[in-house]
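Heads up: the sequence shown runs through residues 1 to 539, numbered per the UniProt record's numbering. Everything on this sheet refers to the single structure shown next.
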Amino acid sequence: FLKFILKVNLQSNGSSDSYQQRLSRLEGHKESLILQVSVLTDQVEAQGVKISDLETSLVEHQRKLNSTEEMLQQELLHRTSLENQKLSLMGEVSYLKLKLADMEGKQGNGTERQHKAEGLLKELRILKDKVEHLENQKLQYEKKLKATKKCLLIIVYDYYSCAYRLRRTQSGGLQAADPDGGQFRRGGLRATAGPRLTRTPEADMNIPFSQWTKEQICGWLEDYGLGQYVSLSRQWVENGQMLLSATPQDFEKEMGMKNPLHRKKLQLALRAFTTKTVEKSAELDHIWVTRWLDDIGLPQYKDQFHEARVDGRMIQYLTVNDLLTLKVTSQLHHLSIKCAIHVLHANKFNPHCLRRRPGEEKQPTPSEVVQWSNHRVMEWLRAVDLAEYAPNLRGSGVHGGLIILEPRFSSETLALLLNIPPQKTLLRRHLATAFSSLVGPQATQEKREYGNATGHIPLTTTAKVKPKKLGFTQFSHLRKRKPDDSADYICPIDTGALTVNGISRLPSAALRGLSPSLVRQAEKQEQPGIKAETNGHKQ
Numbered sequence: 001f002l003k004f005i006l007k008v009n010l011q012s013n014g015s016s017d018s019y020q021q022r023l024s025r026l027e028g029h030k031e032s033l034i035l036q037v038s039v040l041t042d043q044v045e046a047q048g049v050k051i052s053d054l055e056t057s058l059v060e061h062q063r064k065l066n067s068t069e070e071m072l073q074q075e076l077l078h079r080t081s082l083e084n085q086k087l088s089l090m091g092e093v094s095y096l097k098l099k100l101a102d103m104e105g106k107q108g109n110g111t112e113r114q115h116k117a118e119g120l121l122k123e124l125r126i127l128k129d130k131v132e133h134l135e136n137q138k139l140q141y142e143k144k145l146k147a148t149k150k151c152l153l154i155i156v157y158d159y160y161s162c163a164y165r166l167r168r169t170q171s172g173g174l175q176a177a178d179p180d181g182g183q184f185r186r187g188g189l190r191a192t193a194g195p196r197l198t199r200t201p202e203a204d205m206n207i208p209f210s211q212w213t214k215e216q217i218c219g220w221l222e223d224y225g226l227g228q229y230v231s232l233s234r235q236w237v238e239n240g241q242m243l244l245s246a247t248p249q250d251f252e253k254e255m256g257m258k259n260p261l262h263r264k265k266l267q268l269a270l271r272a273f274t275t276k277t278v279e280k281s282a283e284l285d286h287i288w289v290t291r292w293l294d295d296i297g298l299p300q301y302k303d304q305f306h307e308a309r310v311d312g313r314m315i316q317y318l319t320v321n322d323l324l325t326l327k328v329t330s331q332l333h334h335l336s337i338k339c340a341i342h343v344l345h346a347n348k349f350n351p352h353c354l355r356r357r358p359g360e361e362k363q364p365t366p367s368e369v370v371q372w373s374n375h376r377v378m379e380w381l382r383a384v385d386l387a388e389y390a391p392n393l394r395g396s397g398v399h400g401g402l403i404i405l406e407p408r409f410s411s412e413t414l415a416l417l418l419n420i421p422p423q424k425t426l427l428r429r430h431l432a433t434a435f436s437s438l439v440g441p442q443a444t445q446e447k448r449e450y451g452n453a454t455g456h457i458p459l460t461t462t463a464k465v466k467p468k469k470l471g472f473t474q475f476s477h478l479r480k481r482k483p484d485d486s487a488d489y490i491c492p493i494d495t496g497a498l499t500v501n502g503i504s505r506l507p508s509a510a511l512r513g514l515s516p517s518l519v520r521q522a523e524k525q526e527q528p529g530i531k532a533e534t535n536g537h538k539q
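Here it is in structure tokens:
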């Protein structure tokens, strides 16, 4: 029995050990299974996310597929319409081919005409080359003829001088009349007889113009810049009196003078001969006028002025219609020429009155600025740190006279001409400060008052000048109008009261460098008619 109990105990102990081992093994399996379940759960969740993404992309692809099918249907419809158009175009092409074949049959006759036209064009080119060659020869002959005529005028001068000396010798005796008669001495005007004969009437041996011969008149026309009318003048003019009594219609008909400015040039010269007045502006020829246009910043009109032979006397008597004839249509350029002529008047038509280079002055006065040329204004821009905008003033017509004398010309106008953008406010403010310092406080105040006046129209770069249109009621006054009416001149001749912008001012204001177009209270009392004149100008 004891053995049995011991045996049973031993067996129970062994079974309990085996159960413990199994339990521990099962616990280990359980933990591994739990770990595997958690991993599988994570994988299932990840797969679920992927499945949802795939479903989303599937929906997107389905939408794209539907849109692609719609586009395909539209393309099919478009292709069908293009095929229909292609068929219609093929029909038109076949029709045009038939028409072209028909026209080719008719073109056979046109080919001969084309060959004839080409031959005529070749002959025309040959004739044109011949004409150009003849023109060159003509210019050479005219130069030689001009030199010969100058020599002839010198010989005529010598001849009349000798005849005059001979008459004096025969009348009063050789010793009494001329103690140096045996030795001929040439006078001061002898060396430059040609140009002086054309510019001043008294230079031609004290002979009245009415007694000039045909050759003298033709030589004078040649030197006066009207040489193209010499051939017809030689056939028509007999003496100076015939030319003095002629009308502008006679100049146009007999001399072929179609250019109205050439007729005006000739009329002014003949009037100077008749009245025997010596004008300072008559000493300035048309070559000087072209240089003057460079100085005032309008070189683009040099060809028109040179072709019209505009000289200093014509500058003095220029009208608005004359400028329109010269193709000067810009209002700003009209004002530029007007102020430049005003400066010439104030300086008595001194050819060297404009200043082209900077001087030694540190702060120029308005009376000095009014004589600045366009190049001098550009130098001033470089001095005030605006060098990059200075080249924009070329061809703008801006010079010292326009800056000082024109009340509507302000710093804003200058900024517009310099192409300074409106958004660069600091740069424009710097320009306005430098401009005010340049023109002075008095001119600045005048410009400000003029700009604040009622009815003020700002000066722009695009405004054009149009010719005056006359009504039927005004034609009756044309016959009564005097040909030298100073109201028609762009800058009046009267040096006692120059008119700028329709308002009279004494020239002393321009000499002081002040604006001549604004009337002060003291001058209003001296000139009661200014207000009416101003209102008439505005009207």
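Glycine is no exception: its CB is placed at the ideal position from the N, C-alpha and C atoms.
Item to check | Whole runs of the beta strand (DSSP E) within the region 14-78, excluding any shorter than 3 residues | outcome: none
Checklist entry - Of the residues Val-370, Pro-441 and Asn-392, which one's Cα is nearest the Cα of Met-378? => result Sequence index remark: in the sequence shown, residue 378 carries index 378 (1-based). Minimum Cα distance to Met-378 is reached at Asn-392.
Checklist entry - Among Ile-207, His-456 and Gln-216, which residue has its Cα nearest to the Cα of Thr-148? => result Counting from 1 along the sequence shown, the entry for residue 148 is found at position 148. Closest option to Thr-148, Cα to Cα, is Gln-216.
Checklist entry - Any idea if Tyr-317 is buried or exposed, counting beta-carbon neighbours within 10 angstroms, 16 or more meaning buried? => result The sequence position of residue 317 within the sequence shown is 317, counting from 1. It counts as buried.
Checklist entry - Secondary structure at Thr-413, three-state DSSP: helix, strand or coil? => result As a first step, residue 413 is located in the sequence shown; it is residue number 413 there, counting from the start. DSSP places Thr-413 in helix when its eight states are reduced to three.
Next on the checklist: Is the beta carbon of Val-328 closer than 8 Å to that of His-334?
Outcome noted: Mapped onto the sequence shown, residue 334 falls at position 334. Mapped onto the sequence shown, residue 328 falls at position 328. Yes; because the gap between Cβ atoms is below 8 Å, this pair is in contact.
Item to check | Bridge partners - Trp-372, DSSP secondary structure assignment | outcome: Translated into the one-based positions of the sequence shown, residue 372 becomes position 372. Answer by DSSP bridge pairing, in chain order: Arg-355.
Next on the checklist: Applying the 10 Å Cβ sphere with the 16-neighbour rule, what's the burial state of His-345?
Outcome noted: On the sequence shown, position 345 is the one that residue 345 refers to. Classification of His-345: buried, given that the 10 Å Cβ count is 16 or more.
Item to check | Distance, Leu-381 Cα to Arg-196 Cα | outcome: The count along the sequence shown starts at 1 and reaches residue 196 at position 196. The count along the sequence shown starts at 1 and reaches residue 381 at position 381. Since pLDDT at Arg-196 reaches only 36, below the 50 mark, its modelled position is unreliable, and the value read off the structure follows with that caveat. The alpha-carbon atoms of Arg-196 and Leu-381 are separated by roughly 41 Å.
Checklist entry - Excluding sequence positions up to five away, which residues of its chain have a Cβ less than 8 Å from the Cβ of Leu-416? => result Taking the sequence shown and counting its residues from 1, one reaches residue 416 at position 416. Closer than 8 Å at Cβ, skipping near neighbours: Thr-460 and Thr-461.
Item to check | For Ser-330, three-class secondary structure by DSSP | outcome: By 1-based counting over the sequence shown, the position of residue 330 is 330. In the structure shown, Ser-330 sits in a strand (DSSP, three-state: E or B).
Item to check | Val-39 versus Ser-57: straight-line alpha-carbon distance, rounded | outcome: Position 39 of the sequence shown, counted from the first residue, corresponds to residue 39. Position 57 of the sequence shown, counted from the first residue, corresponds to residue 57. Val-39 and Ser-57: Cα-Cα distance of roughly 27 Å.
Checklist entry - Can the beta-carbon of Leu-226 be found less than 8 Å from the beta-carbon of Arg-309? => result The count along the sequence shown starts at 1 and reaches residue 226 at position 226. The count along the sequence shown starts at 1 and reaches residue 309 at position 309. Their beta carbons are under 8 Å apart, which means Leu-226 touches Arg-309 by this criterion.
Item to check | Residues near Met-255 in its chain [Cβ-Cβ closer than 7 Å; skip 5 each side] | outcome: Stepping through the sequence shown from its first residue, residue 255 is reached at position 255. These residues qualify, in order along the chain: Tyr-229, Leu-232, Ser-233 and Trp-236.
Checklist entry - Start and end of the alpha helix (DSSP H) containing Leu-402? => result Taking the first residue of the sequence shown as position 1, residue 402 is located at position 402. First-last of the alpha helix (DSSP H) with Leu-402: 400-405.
Next on the checklist: So, under 8 Å CB-CB, Gly-240 and Cys-339 are touching, yes? Tell me the CB distance rounded to an integer number of Å.
Outcome noted: The residue labelled residue 240 in the question sits at position 240 within the sequence shown. The residue labelled residue 339 in the question sits at position 339 within the sequence shown. Contact flag wrong, Cβ pair sits at about 38 Å.
Checklist entry - CB Leu-431 to CB Leu-386, shorter than 8 Å? => result Stepping through the sequence shown from its first residue, residue 431 is reached at position 431. Stepping through the sequence shown from its first residue, residue 386 is reached at position 386. Yes, they are a contact pair.
Item to check | Pairwise C-alpha distance: Pro-407 and Glu-446 | outcome: As a first step, residue 446 is located in the sequence shown; it is residue number 446 there, counting from the start. As a first step, residue 407 is located in the sequence shown; it is residue number 407 there, counting from the start. Those two C-alpha atoms are separated by around 7 Å.
Checklist entry - Is Lys-464 helix, strand or coil when you go by DSSP? => result Here the question's residue 464 lines up with position 464 in the sequence shown. Note: Lys-464 maps to strand in three-state DSSP.
Checklist entry - Where DSSP assigns a beta bridge to Tyr-489, which residues make up the other side? => result Along the sequence shown, one-based indexing puts residue 489 at 489. DSSP lists Thr-319 as partners of Tyr-489.
Next on the checklist: Would Ile-315 and Ser-281 qualify as a contact pair, given that the criterion is a beta-carbon distance under 8 Å?
Outcome noted: Numbered from its first residue, the sequence shown carries residue 315 at position 315. Numbered from its first residue, the sequence shown carries residue 281 at position 281. Contact: yes.
Item to check | Unbroken alpha helix (DSSP H) run spanning Trp-220, endpoints | outcome: Against the sequence shown, residue 220 aligns to sequence position 220. Unbroken alpha helix (DSSP H) run through Trp-220: 214-223.
Item to check | Burial state of Val-49 (16 or more Cβ within 10 Å) | outcome: To locate residue 49, count along the sequence shown from 1; it is residue 49. With fewer than 16 other Cβ atoms within 10 Å, it is exposed.
Item to check | Outcome for Val-278 when other beta-carbon atoms lying within 10 angstroms are tallied against a minimum of 16 | outcome: The count along the sequence shown starts at 1 and reaches residue 278 at position 278. It counts as exposed.
Checklist entry - For Phe-4, does the three-state DSSP call read helix, strand or coil? => result Position 4 of the sequence shown holds residue 4. Phe-4 falls in the helix class under three-state DSSP.
Checklist entry - From Lys-258 to His-115, what does the alpha carbon distance come to, in whole angstroms? => result As a working note, residue 258 is residue 258 in the sequence shown. As a working note, residue 115 is residue 115 in the sequence shown. If I take the Cα positions, the gap works out to 39 Å.
Checklist entry - Is His-456 helix, strand or coil when you go by DSSP? => result Numbered from 1 along the sequence shown, position 456 holds the residue referred to as residue 456. Coil, per DSSP.
Checklist entry - Hey, quick one: how far does the alpha helix (DSSP H) through Thr-290 stretch, first residue to last? => result Here residue 290 refers to the residue found at position 290 when the sequence shown is read from its first residue. Run containing Thr-290: 286-295, per the alpha helix (DSSP H) assignment.
Item to check | Leu-284 vs Phe-349 beta-carbon contact at 8 Å | outcome: In the sequence shown, the residue the question calls residue 284 occupies position 284. In the sequence shown, the residue the question calls residue 349 occupies position 349. Against a cut-off of 8 Å, the Cβ pair of Phe-349 and Leu-284 comes out as a contact.
Checklist entry - With a Cβ-Cβ cutoff of 8 Å, do Ile-296 and Asn-374 count as a contact? => result Your numbering for residue 296 matches position 296 in the sequence shown. Your numbering for residue 374 matches position 374 in the sequence shown. Their beta carbons are under 8 Å apart, which means Ile-296 touches Asn-374 by this criterion.
Checklist entry - Does the Cβ-Cβ distance between Leu-266 and Phe-251 come in under 8 Å? => result Counting from one through the sequence shown, the residue named residue 266 turns up at place 266. Counting from one through the sequence shown, the residue named residue 251 turns up at place 251. Cβ atoms of Leu-266 and Phe-251: closer than 8 Å.
Checklist entry - How about Pro-351 and Trp-288: are their beta carbons less than 8 Å apart? => result For the purposes of this step, residue 351 is taken as residue 351 along the sequence shown, with counting starting at 1. For the purposes of this step, residue 288 is taken as residue 288 along the sequence shown, with counting starting at 1. In contact: Pro-351 and Trp-288 (Cβ atoms closer than 8 Å).
Checklist entry - Exposed or buried, Lys-524, counting other C-beta atoms within 10 Å across all chains shown (16 or more means buried)? => result On the sequence shown, position 524 is the one that residue 524 refers to. Low local confidence applies: a pLDDT of 39 at Lys-524 is under 50, so the model's placement there is unreliable, with the coordinate-based value given in what follows. Label assigned to Lys-524: exposed.
Checklist entry - Quick one: is Ala-443 buried, meaning 16 or more other Cβ sit within 10 Å of its Cβ, or exposed? => result For this step, residue 443 is matched to residue 443 along the sequence shown. With 16 or more other Cβ atoms within 10 Å, it is buried.
Checklist entry - For Gln-304 versus Leu-332, is the C-beta distance shorter than 8 Å? => result Looking up residue 304 in the sequence shown gives position 304. Looking up residue 332 in the sequence shown gives position 332. Cβ distance not < 8 Å, so Gln-304 and Leu-332 don't count as in contact.
Checklist entry - Would DSSP call Arg-512 helix, strand or coil? => result The residue given as residue 512 occupies position 512 in the sequence shown. Bear in mind that a pLDDT of 37 at Arg-512, under 50, signals an unreliable position, so the number given afterwards is only what the model happens to contain. Reduced to three states, the DSSP call for Arg-512 is coil.
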